[in-house]
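Please read the structure below before turning to the comments.
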Amino acid sequence: MLQIAFVVVLAVLWMLTLTQTGGTDFLQVRVVQVGTSIVKVIDVLTGLAIIGLMVTLRGPLALAAGVLLGLWALTLLGVPRLMGVPLSPLIVFVLIVGASVHIVTHRNR
């Protein structure tokens, strides 16, 4: 149940970055500046939600959440590519592989 809440929070944060709804100006407040990258409140909340998923999940999904945390940190620092590959497709690839491995290795209890 807690994992569903974290996923819903991540979905809402993603939706808020795409649409500029009224009353969400506090999410764009600058928390800290790392080099030329500006870390905002929405970035911190996204990182906390990913860490929450990583702590509450087990097995391959926890590992996938850990990799997503690393990719999130790279995008936060302004690294657009990793070994010549854009990070956006890597994020989708990690989600698909983590879910596939979880489905294959899941045991009925």
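Be aware that the sequence shown starts at 4, since it is given in my numbering, and climbs by one per residue.
Virtual Cβ for every residue (Gly too), placed ideally from N, Cα, C.
Here the structure is a predicted model, which means the values were calculated and not measured.
Asked                                                                       : Found
Nearest-angstrom beta carbon gap, I45 and L19 [assumed within contact, 8 Å] : 7 Å
Candidates R33, V58, L13, V42, of which the one nearest L77 by Cα           : V42
Supposed close pair A52, V12 - CB separation, criterion 8 Å                 : 5 Å
Buried/exposed call for L71, threshold 16 Cβ in 10 Å                        : buried
Separation of R110 from P89, as counted between CA atoms                    : 34 Å
Nearest neighbour of L5, chosen from L64, L93, L56, G101 [CA to CA]         : L56
Alpha helix (DSSP H) segment containing V34, residue limits                 : Where V34 is concerned, there is no enclosing alpha helix (DSSP H), although the beta strand (DSSP E) it sits in stretches over 33-37.
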